[in-house]
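Reviewing the structure listed below.
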Amino acid sequence: MPVISIIGPKGGIGKTTLSINTTAALTRMLGDSLNHDSVCLFDLDLRLPTISSILESHPRKTFYDLFETLANKTYQVDFLQSIYRILTLFQAFLDNEIDSNNAQLQKSLALYKNMNIELFHFSEFSFGNVLQEFFLERGQIHTVKQIKVLKPLLKKIDMDSFKEIIKDRENNSRPVADEFINYIEEYKFSLLGGEVPILGKRSHRKRINEPAFLLLFLEFVNELIGRFKYIVLDTPAGGVNHLSSLMNSIDQVLFIFDMSNSIAVNGSIDALHSFIDYYEDFYEDYKQGRLTGLDKAYVNRMIAMRGQEAVTEILSNKKFGIIFNRCQSPKEISNCLDQLREYLETLDRYDEYKDRIHMVGMVPHHKIINITNNRGTLFYDKDSSLSKCINLIAENILTDNQNCPTLSNSNGEILQFLQKKGQGSWASRFGRIASSLS
Ligand SMILES: Nc1ncnc2c1ncn2[C@@H]1O[C@H](COP(=O)(O)OP(=O)(O)O)[C@@H](O)[C@H]1O
Ligand SMILES: [Mg+2]
937 MPVISIIGPK
947 GGIGKTTLSI
957 NTTAALTRML
967 GDSLNHDSVC
977 LFDLDLRLPT
987 ISSILESHPR
997 KTFYDLFETL
1007 ANKTYQVDFL
1017 QSIYRILTLF
1027 QAFLDNEIDS
1037 NNAQLQKSLA
1047 LYKNMNIELF
1057 HFSEFSFGNV
1067 LQEFFLERGQ
1077 IHTVKQIKVL
1087 KPLLKKIDMD
1097 SFKEIIKDRE
1107 NNSRPVADEF
1117 INYIEEYKFS
1127 LLGGEVPILG
1137 KRSHRKRINE
1147 PAFLLLFLEF
1157 VNELIGRFKY
1167 IVLDTPAGGV
1177 NHLSSLMNSI
1187 DQVLFIFDMS
1197 NSIAVNGSID
1207 ALHSFIDYYE
1217 DFYEDYKQGR
1227 LTGLDKAYVN
1237 RMIAMRGQEA
1247 VTEILSNKKF
1257 GIIFNRCQSP
1267 KEISNCLDQL
1277 REYLETLDRY
1287 DEYKDRIHMV
1297 GMVPHHKIIN
1307 ITNNRGTLFY
1317 DKDSSLSKCI
1327 NLIAENILTD
1337 NQNCPTLSNS
1347 NGEILQFLQK
1357 KGQGSWASRF
1367 GRIASSLS
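Position one of the sequence shown corresponds to residue 937 (our numbering), numbered consecutively onward.
Below you can see the structure in the form of structure tokens.
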């Protein structure tokens, strides 16, 4: 289940356009082996999802619904379960059933002290007021012995009815994966994601920064990803900040270099560098057992799903690729390659990474694509020379980049490879210039 992220540091450089067309090409190439679980396009843009409107496909449930479900049901239930555990252990201590050194009790005290109650809906529960008071007392409780102060409060909570309420809420509290997967018959791939900007809602912006909530979200996303053979992520500008642990599920990161914009190119080079650093640090922390918090929880879930060996492989062997977009002349690509090599040399990273950065494809600047009302976005299959460019990208994904040049190839070789598949007028012009460079 390779996960491919099409990413770039800036809006407007072609992430969405190339994600959609690459997904269409991958789907086409799988041919006979194709089924409903083969390919999924995943709109990870929580700020401004656009794919469902571009493809005019409206999922039964969007990620906005997912946030609502997680926030209103899953999160509340998880919270209730944690409180239940805390109350049970505190009560057992007050009843002298366990002593102050009990490890579970110590853990419960820490949980009680650190739980973020901001997103819990106290008013929804009959004992909400008492619970709120229970948390207000936290400032005074520092040691296990001080739990005694809470005795009168605990007396007010009927644990049996508390348990009943949890049971009640547990039913229907988890999102159902199938409801979020939108298989599009016309295109033969599935779409995941949104229609409404999730982060447009203030409480959702808060939630995404809440580790317990974020973990629920990531866990669900991982479950969805696990269902498909190939996943293409349209990854929002600036990486996925709050979703950074999700970056560890990605097998190949394809950076878009927008050749029409030298500032954007500098940004992409910089982004490539930060991902190299991010993955190196993460792998090192993983090996040394230094991961904490969300990252640790996330990796543990990945291991539970795929096994330790697979996870080590995924974390140690990230692939990086480059897609040149909006190309107008091979000279631009050539200059860009030189710039990237020089940049990596300066950082002393060139030797280590020259064979790990693949030149996966190239798409010319084309008026068919550049139509402001989005009608040109899905151009695959409509224009043969453009389709060939996209086929090359999909082919490299399918063959694991085995035939793909890397930074250690010469510019001439790279250009030759990138234009090989395109036979259209633009591409043959490109070819002539490319061969004159090699
Ligand atoms: N190769 C290209 N040639 C012409 N226009 C392009 C090309 N790639 C993208 N565009 C146009 O650029 C705009 C931004 O592309 P988009 O894929 O939405 O970028 P992003 O997802 O990175 O914000 C769109 O109008 C798209 O049609
Ligand atoms: Mg986009």
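Every residue gets a Cβ at the ideal spot worked out from N, C-alpha and C, and that includes glycine.
Just so it is clear, the structure is predicted and the values come from calculations on it, not from any experiment.
DSSP on residue 1188, reduced to helix/strand/coil?
-> strand
Spatial neighbours of residue 1270 in its chain, beta-carbon cut-off 6 Å, leaving aside the 5 residues before and after = 1347
Do residue 1116 and residue 1135 have their CB atoms nearer than 9 Å?
-> no
Inter-residue spacing [alpha-carbon to alpha-carbon] between residue 1310 and residue 1066 | 54 Å
Taking 8 Å as the threshold, find out whether the segment 1109-1124 comes into contact with the segment 1155-1169 through three or more Cβ pairs.
-> yes
For residue 1287, the nearest candidate out of 1234, 1350, 1137 and 1342 (CA to CA) = 1342
Keeping to the same chain, check which residues put their C-beta closer than 7 Å to that of residue 1340; ignore five residues upstream and five downstream.
-> 1294, 1295, 1296 and 1332
From which residue to which residue does the alpha helix (DSSP H) around residue 1015 run?
-> 1011-1030
Comparing alpha-carbon positions, which option in 972, 1059, 1083 and 1155 lies nearest residue 1046?
-> 1083
Leaving aside the five residues before and after residue 919 along the sequence, list all residues of the same chain whose C-beta is less than 7 Å from its C-beta, in chain order.
-> Coverage of the chain is limited to positions 937 through 1374, which leaves residue 919 absent and any answer about it impossible.
Where do the ends of the beta strand (DSSP E) carrying residue 1118 lie?
-> 1118-1120
Endpoints, alpha helix (DSSP H) assigned at residue 1181 | Looking at the DSSP string, residue 1181 is not in any alpha helix (DSSP H), and its letter there is neither H nor E.
Is there contact between the segment 1224-1243 and the segment 1259-1278, where contact requires at least three CB pairs shorter than 8 Å?
-> no
What does a CB cutoff of less than 7 Å around residue 1119 pick up in its chain, not counting 5 residues either side in sequence?
-> 972 and 1126
Anticipated Cβ contact below 8 Å, residue 965 with residue 1354, distance rounded = Not a contact, Cβ separation roughly 18 Å.
If you measure from the CB of residue 1257, is any heavy atom of ligand 1 nearer than 8 Å?
-> no
Answer yes or no: the CB of residue 947 versus the heavy atoms of ligand 2, is any distance below 8 Å?
-> yes
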